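This report concerns only the one structure given below.
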Amino acid sequence: MSEPHRPDKVTMKAPTVLTPGILVLLVALVRKSDGECKEALVKSEMNVNMKYQLPNFTAETPIQNVVLHKHHIYLGAINYMYVLSDNDLQKVAEYKTGPMLEHPECLPCQDCSHRANVSGGVWKDNINMALLVDTYYDDQLISCGSVRRGTCQRHVLPAYNTADIQSEVHCMYSPQTDEGSGQCPDCVVSALGTKVLISEKRRFVNFFVGNTINSSYPPDYSLHSISVRRLKETQDGFKFLTDQSYIDVLPEFRDSYPIKYVHAFESNHFIYFLTVQRETLNAQSFHTRIIRFCSVDSGLHSYMEMPLECILTEKRRKRSPREEVFNILQAAYVSKPGAHLARQIGANPDDDILYGVFAQSKPNRSAVCAFPIKYVNEFFNRIVNKNNVRCLQHFYGPNHEHCFNRVSHTDSPLTNDEV
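Using full-length UniProt numbering, read the sequence shown as starting at 1 and increasing by one per residue.
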C-alpha cells in the first residue's frame, strides 16, 4: 500500500470553514432588562456566612494526574502516589516514588543507592508525567515519571483490595536486544511535557505518546515527539512495531519549535492529539492544531495536522457581526452532548463532542467551544481529497519524500499486516 502524504496545515483558515453548526460558543452575552436583573438578584441571594463541610484532600506535593477506578481515586504527584476513597476523599494508601538517585552508569530498574557518594550521582524529584489504568492483562495502574529516562512502573491492583498500589510493583524496562542502536521503546515520557493514551486493539495494548522534546535530551535517551508502541505480553516493557512507529522534530528545530501536547483521545478508528505550537517555523505567534491518524496505523503513515480555532461571533443590531478568535487551547475533554446542545450543533446524542477551553494571547480572555468529531473528520477528508496539504517541515524538512507523495484516504481504517 502506498504511503499517504503527511500534511502540514490546511491552506484554508479555520474562521472561513467553521460554520455555526460546527462551532458553538458555550458562553453567551445576553442583555437583560432592569426588571429581569432585579429578579435574578433576588433569586440568587444566599447566606455568605454559611460554612459548608466539603470532602477535601491536601497532598504534600503538587498533583499532576488523577484517574478513577473501582471506587478509588488515584493521584500522581511529585515523589508520591496517593489512593483516595471516592466518596469522602480520605487517603487510604500512598506510595513514595522519589526523590531518586540518578547516575549515568545506572539502568532505569537498578537501585543506585550505593552510588550516593560517587561522582556523577544526582538526587532528582520524580514528577508524575502519566498515570493510566490498564485492565487487559490485570487490573493495574501504570505510572510514568520524569526520572529513570522516562520509564514506567506498573502497580498490580489485587482484586480483594484495589487500593493496594505497593504490594506488587514492576519496573517496565528490559535490556533491548532486538532494537536498533540508540532505540529505547521503554523510554516513554518527557519531563518537559507529555500526553499518553492507552488503547486496546486486536488483543494488544498500544500506547500512543506525544512528547515535548528539546536538545537537552541526549540522543541515547531516544524520546520521540509522536510514537506508538505496544506493551509486551511479558509486560516488562514495550516495543515499536516498525522503524516508522515514531516521528521526531528535527534536531535543528527542537529548541526553537516547541510542541505542547494538551490532550489525547480516541474516537471510532482514529487517535487524536491536541497541541499548541508555532504557526510556522519562524513565527512568533502560537496556535492550536489537532492531529489525527488511524488507530491501527503502526507506521504513522496517516498522520495529519490542521489548525483548530474557537470563534465567537457577536451579533450586533444594524451592524456587521464582530468576530473574536480564541486560538490557544488550555484544556479539553471528549464526551456525548446533551439533547439541547445536540440540536444546536446538528449532532446526534451518541456523537463524540470535543469540548475545548481556548484563550487569546491578547487580551487575556477565554471561551469554551464544542466541536462534533464527525465534522472535524469531514474537514480532514476534504482537505486530503483536494490535495490541499503542505509538508510538516519541522518533522521532515522541505525536501523529504513525504512532502511529495500525496495519496488521499478516507474514513475507512487502514489495514496493516504487521498489526
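Backbone N, C-alpha and C define an ideal beta-carbon position, used for all residues, glycine too.
Quick caveat: nothing in here was measured; it's all calculated off a predicted structure.
- In this structure, DSSP gives residue 114 a helical state, which the three-state scheme calls helix.
- Residue burial is scored here from C-beta neighbours: residue 206 has at least 16 other C-beta atoms within 10 angstroms and is therefore classed as buried.
- Separation of residue 289 and residue 357 (C-alpha to C-alpha, rounded to the nearest whole angstrom) is 14 Å.
- Collapsing the DSSP output to three states places residue 251 in a helix.
- Nearest to residue 377 by C-alpha distance, out of 261, 233 and 272, is 272.
- Each residue's CA atom was taken as its position, placing residue 102 and residue 194 some 21 Å apart.
- About 14 Å separates the beta carbon of residue 209 from that of residue 265, a gap too long to meet the 8 Å contact definition.
- DSSP, reduced to helix, strand and coil, places residue 128 within a strand of the structure shown.
- Under the Cβ criterion (8 Å, minimum of three pairs), the region 60-80 counts as touching the region 112-131.
- Assignment of residue 395 by DSSP, reduced to helix, strand and coil, places it in the helix class.
- Counted as a single uninterrupted DSSP element, the alpha helix (DSSP H) harbouring residue 377 occupies residues 373-385.
- Just so you know, the alpha carbons of residue 342 and residue 321 end up roughly 24 Å apart.
- For residue 154 and residue 72, the gap between their C-alpha atoms comes out near 17 Å.
- Rounded to whole angstroms, the Cβ separation of residue 225 and residue 247 is 6 Å, and the two are in contact under 8 Å.
- DSSP places residue 90 outside both helix and strand once states are collapsed to three, so it counts as coil.
- Counted as a single uninterrupted DSSP element, the alpha helix (DSSP H) harbouring residue 342 occupies residues 339-345.
- Going by C-alpha positions, residue 313 is about 31 Å away from residue 392.
- Across the set 255, 234, 262 and 222, the C-alpha of 222 shows the shortest separation from the C-alpha of residue 243.
- For residue 273, the uninterrupted beta strand (DSSP E) segment begins and ends at 270-278.
- Note that the C-beta distance between residue 332 and residue 262 is below 8 Å.
- Cα atoms of residue 59 and residue 92: separation of roughly 13 Å, rounded to the nearest angstrom.
- With fewer than 16 other Cβ atoms from the protein chains shown falling within 10 Å of its own Cβ, residue 50 counts as exposed.
- Close CB contacts of residue 144 within its chain, under the 6 Å cut and outside five residues either way in sequence, are with 129, 130, 152, 188 and 189 (chain order).
- Look at residue 76 here: in three-state DSSP terms it is strand.
- DSSP lists 313 as the beta-bridge partner residues of residue 323.
- For residue 64, the enclosing beta strand (DSSP E) stretches over residues 63-69.
- The closest CA to that of residue 339, considering only 328, 353 and 257, is found on 353.
- Residue pairing by DSSP puts residue 133 in a beta bridge opposite 141.
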